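Shown next, in structure tokens, is the structure this report addresses.
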Amino acid sequence: MAVCIAVIAKENYPLYIRSTPMESELKFHYMVHTSLDVVDEKISTMGKALVDQRELYLGLLYPTEDYKLAFWAQY
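Position 24 of the sequence shown, counted from 1, bears residue number 253 in the working numbering, the numbering being contiguous throughout.
Shown next, in the form of structure tokens:
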């Protein structure tokens, strides 16, 4: 079950973040912002191969104590 959804701009900043439960909203904002460097690094190492794929699932970036962070890219 997804508890947080974020839309990230090509320039690597969040456009939209929505989470549930609302009392953990700041925690999820922090997780999204800290994961942006990992996403940027992963996309830059994949380079053109990432753009050529139909499925742009970046995979599991890293697990936290309570959650798993996974990302999809679209160009």
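From the three backbone atoms N, C-alpha and C, an ideal C-beta is built for every residue, glycine too. As the structure is a computational prediction, the values presented were derived from the model and not from experiment.
For my contact list, residue i and residue j are in at a C-beta cut-off of 8 Å; report their separation, rounded to the angstrom.
{"i": "A235", "j": "V261", "result": "5 Å"}
Need the endpoints of the alpha helix (DSSP H) that residue i sits in, please.
{"i": "Y259", "result": "E254 to M275"}
Along the chain, where does the beta strand (DSSP E) that runs through residue i open and close?
{"i": "K297", "result": "K297 to W301"}
{"i": "Y245", "result": "P243 to S248"}
{"i": "A235", "result": "C233 to I237"}
I'd like the list of long-range same chain contacts for residue i, defined as Cβ closer than 6 Å, with 5 residues on each side in sequence excluded.
{"i": "L265", "result": "N241"}
{"i": "E254", "result": "S248"}
{"i": "K256", "result": "none"}
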